[in-house]
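Before any comments, here is the structure.
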Amino acid sequence: MIMNTTRLMLDNTYNLFIPISDNCMKLNNNQCNTFLLYFGLPNSPITAINNDDILISTSESESEVEFDSNKLIVSDTNNNISNEIVYETFFSQLLHKFSILDTLPFEELQSELFLETCEDYLSLVGKFNSPIFAPLKADVNGNINKLRRKINENVIKFQTLYSILNHEIQAQTTNARNSATDALLWLKRAFEFLSNFLHEFGIGDKTLADSVSKAYEQSLRKYHGILARSVFSFALRVVPNNTEFLRSLAIHSNDASENLFKQQIFKEMLDHSSSMSSVLQKITLFYSNHGLESTTIYFDFKMTLRTPMKRIQFGSRDLLANGGGCPVEVFCRLRPPKDNNNDQEIDNSSSSVKISSSTELTLYSSENAKNGQIRESHYEFTHILTDDVSQSAAFKELAIPLLDDLIQGKNSVLFTYGITGSGKTYTMMGPLNNPGLIPRSFDVIFNSIGSYLGKKNLLRSDRQNGYEIQSEAEILLERQRKEIPITKANNNQRAKASEPTNIRTLDMTSIWNAQLNENCSYFVFVTFVEIYNNYIYDLFDDDILNKAPQSKQLREDNRGRPYIRDVKEIEVRSSEEAIELLNMGLKRRRIAHTQLNTESSRSHSVLSMRLIQFHNDIPLTSLTKDDLTISTIHLVDLAGSERVNRAKTVGERVKEASNINSSLMVLRQCFEVLRENQAQGTSKMVPYRESKLTSFFKSYFDGEGRIRMILCVNPTADGYEEIQHALKFGELTKDVMVPRALPPPPPPPPIPPKVTRGHGVLREVDNQQQQQSVPFFTEFNAQALIAPFPPLEYSLLDGVGVDEAILSLEEHLRRRIDERHRLNMLIHEQHDYLHKFTLEFASDYDSTISDHDELMKENEQQSKTIRHLQTRIKLLEKSQNDFYKTTNQMERENKTLKSKIEDRNNEIKSLKVERRKDKIDFENKLKIKINELEQQYFNELKTKEIQMRELERQHDDKLNIIRSMAATNTNTPTNENVYQNPLSARKRCPSEERILQETSTQSPVSRQAPAVPPKRFRM
């Protein structure tokens, strides 16, 4: 019955998921219109289109269809041409076929055409009608996506498969994780299985199960382990028969019953198998020639791709080889360029981290390094989560496996490590609309075990790392005590992610595990502590509201496992209740403002979630501690390491930073000593006791459970040495091996459903009887029927007392008979009551089952509605995020334009100032030039005037000489007209007359150059 139910659930899931996935892939690849064109509408005259010709292309008005017992013929009334028409099958509807690829050599095989052909043929797996083949289909799609990612790196360069493989061979990356070479190898092997199946079934003498089995034996079986082989053998039991399979291959289901259809479909299978095999042989030949198909390369692929070996030394390698230990898993998560917690932009241009592969990264130093050169260093981790990985994807990668172990009864611890401001608290807590690991862990746990929770308050922590079973009276008292309202803690201005006022996004993921069954009861307890200045404080302790908090002490239980004494463990029944407690603890956690982080955690916080389970077939009265299976997961948010000079901390903050760095240093020393002991075979003392943090998790380093670490990195150029220190620590931790934890005791065989339901019915009856206080049977004195006869005192010799003895005996017998009648009546009454109660209970049980079925249907309908609404919400959130991105982009562009306008205005202002300055300078220079010209003109005029005076003096001298000569000549009559000055006789021009007049009338002192007015030049 369980097998049938499981198969039905798998079939329903497969039938819903696979078509939606195929349609989404077609829509994503822009094949929607082509898909509709090739398949047509139900009433369309064009019902199928082949790559070469149209099979049926005429309407009823232009052709008439004639049916014959041997073949299907279409006669065209206009052209009178008769052609034999084949049936429409799955193969005739294929958009891409291997027959086209078969005509090309391997060097010319188009990569995108090959992948599209593989996707078309992959839908044949869905015809098997078995959800067990879904992993095969998912694996093929994953390999196709890997090849497409490689093609997208350089679309022009990687147009052919040969170019892709040749590039990785030259780059020596064929063995790298997620390489295209490995993806094509597994894709080829999957289609070898499909080709062999088409060949085997196309022969026509085997059933579908036999054909699939033989094809599997010829191809994939040698690459699978025992588990995969057993799953595949189970899949063969649920494949359809030949008739159903052929019907699924026919476009028109009625054609499947005709012999011609079977002959055609078998022939098509053989043809497609041949062309597919030919193409795959070309790929195989290339792999063989380059040594990529050999066993060594194959195992290298498997170990690198599936389970990569750690770089460890001799001691750890021997430990791993002997199965005695497992490595610490270290995941590196890069902080996204935008912190959704505070919407603070981070400059991604100065990123100092470059991702080389999914497990390797390179760290570059800043350009202003001390030596003036850029340094680089390489680091390898278990897996690297890039900055575009969402919280949901990170949760599935990091926490889901640990929660699965928790349900299976295994312990684990998850650390977040990194410098301050690297995103540790965001990864653990997250905002309400995008929660982190802890809130999602609560959601997933209660989604998985919510219907199997045990009776509330049945278990109670003994505060010594164990639990005790409470009686009914203790349960009642505990319930009354918890109903008293608890005073809320004062608001400590914790992060926005912890505010319970907004609506929180729920994670609807659930874990299905074989350990989950109706026969188990589950209980969830949580604790929340912080390690502050190397002291442990309980964040759930209500006493801190009224007085100073008291530190807790570490102790060891009887099995040597550390625990926190007197810590408060609270039972939670839902994720909402757990989140409320989480928010209360976060408000009490110590945080402070520093230069590097506005809300820097000043302590290490440890949230522990314990899952207790026991089997319901054990009566509660006989339940002991040994019957409880306890598993724990610790989610540790380590405080960030910081340097005082960068964080600008003073006073108490310096002490806090010192204690944080000291505890992290002790943690590093513990890992270093463990690694050294394993590598060199030494037995040095591990310094657990030097810090409360390492002392608390000492048992996990000794093999108590699984250890995972999330190394959070802020990929900016600031703090290069701190980032390098954190990366080195993460890589060192990755090489540490911890002893493998002992597996939990195997659970008893599950009780059949009917028996389990019977136990549930009995428990329900017991509860009803306890509530109604009506016993099935009334207590009575059973000894009354077998009580000894009273002593008889008589004598047989003289007959004394015989009559009295007989009377006493008769009286005693009469009382016994009456008692027997009374008991018989009571038994009949109780029998009638029990019969009536049984009938009523059966009726109530039937009605309850009916109501339960209706509620289940209603719940299923509501679940569908919720899923639909969630899908719409996701679409709306995506639209909202796109809108926010567009708005932010527009705002950034607006800021850029405003900045440019402001720069232009400043330039204009500066130009105006320069122009005004130039104008003033020009006017000053012009004035100086005018003054110089005036002075030059005045000097020249003065020179001319002196020359003129000199000429006049010479003339006067000559005149005087002539006059003297004339005066001495007495014989000659004086005649002024005869001895007249030639110059005076000459007629003077007006200007000379004016000058002579002025010089004659003015004194020598007043004879100066006239003031020449300065010329005014128009600007």
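For the sequence shown, the numbering used here assigns the number 201 to the initial residue and increments by one for each residue that follows.
Each residue gets a CB set at the ideal place from its N, CA and C atoms; glycine is no exception.
Does the distance from the CB of residue i to the CB of residue j come in under 8 Å?
| i | j | result |
| --- | --- | --- |
| N859 | N733 | yes |
| L807 | I638 | yes |
| L420 | Y487 | no |
| R761 | S557 | no |
| L927 | Y579 | yes |
| F391 | L361 | no |
| I830 | L602 | no |
| S661 | G905 | no |
| F814 | L835 | no |
| K388 | T484 | yes |
| T620 | M628 | no |
| S648 | I711 | yes |
Using DSSP with H/G/I as helix, E/B as strand and the rest coil, what is residue i?
| i | result |
| --- | --- |
| A450 | strand |
| V1113 | helix |
| H296 | coil |
| T1143 | helix |
| T705 | coil |
| H583 | strand |
| E668 | strand |
| P887 | coil |
| S862 | helix |
| D837 | strand |
| H925 | helix |
| Q310 | strand |
| F728 | strand |
| E1107 | helix |
| E288 | coil |
| D738 | strand |
Among the candidates the options, whose CA atom is the shortest distance from the CA of residue i?
| i | options | result |
| --- | --- | --- |
| S751 | K1100, P762, R761, D738 | D738 |
| F723 | A748, V772, D707 | V772 |
| T373 | R389, T1086, Q1136, K350 | K350 |
| S801 | S774, L820, D837, T824 | D837 |
| L475 | I791, L398, D410 | Rather than Leu, the amino acid found at residue 475 in this sequence is Ser. The residue with the shortest Cα to Cα distance from S475 is L398. |
| G618 | L1076, S477, E842 | E842 |
| D471 | F401, R389, E316 | F401 |
| I779 | S863, K1158, T616, P631 | P631 |
| Q869 | S379, K1100, T894 | T894 |
| V528 | D935, S473, I1049 | D935 |
| T381 | Y1033, S363, F393, S395 | S363 |
| T625 | L786, K656, H583, E668 | L786 |
| Y920 | R1149, R1104, F298, S622 | S622 |
Taking all protein chains shown into account, do 16 or more other C-beta atoms lie within 10 angstroms of the C-beta of residue i, making it buried, or fewer, making it exposed?
| i | result |
| --- | --- |
| Q1154 | exposed |
| P305 | exposed |
| D1051 | exposed |
| Y763 | buried |
| S721 | buried |
| L1007 | exposed |
| S590 | exposed |
| R1163 | exposed |
| V344 | Before going further, note that residue 344 is Ile rather than Val in the sequence given. Buried is the call here. |
| V1113 | exposed |
| R575 | exposed |
| G881 | exposed |
| S1099 | exposed |
| A593 | exposed |
| R535 | buried |
| D587 | buried |
| I910 | buried |
Verify the contact flag: residue i, CB atom, against every heavy atom of the ligand ATP, threshold strictly below 7 Å.
| i | result |
| --- | --- |
| P749 | What this structure holds is no ligand at all, so the ligand ATP is not there to describe. |
| Sequence ranges, alpha helix (DSSP H) only - wholly within the stretch 590–642, length at least 4 | 591–598, 600–607, 624–628
| field | Runs of alpha helix (DSSP H) lying entirely within the stretch 1002–1067, each at least 4 residues, in chain order | value | none
| Going along the chain, which unbroken runs of the alpha helix (DSSP H) with 4 or more residues stay wholly within the stretch 381–421? | 408–418
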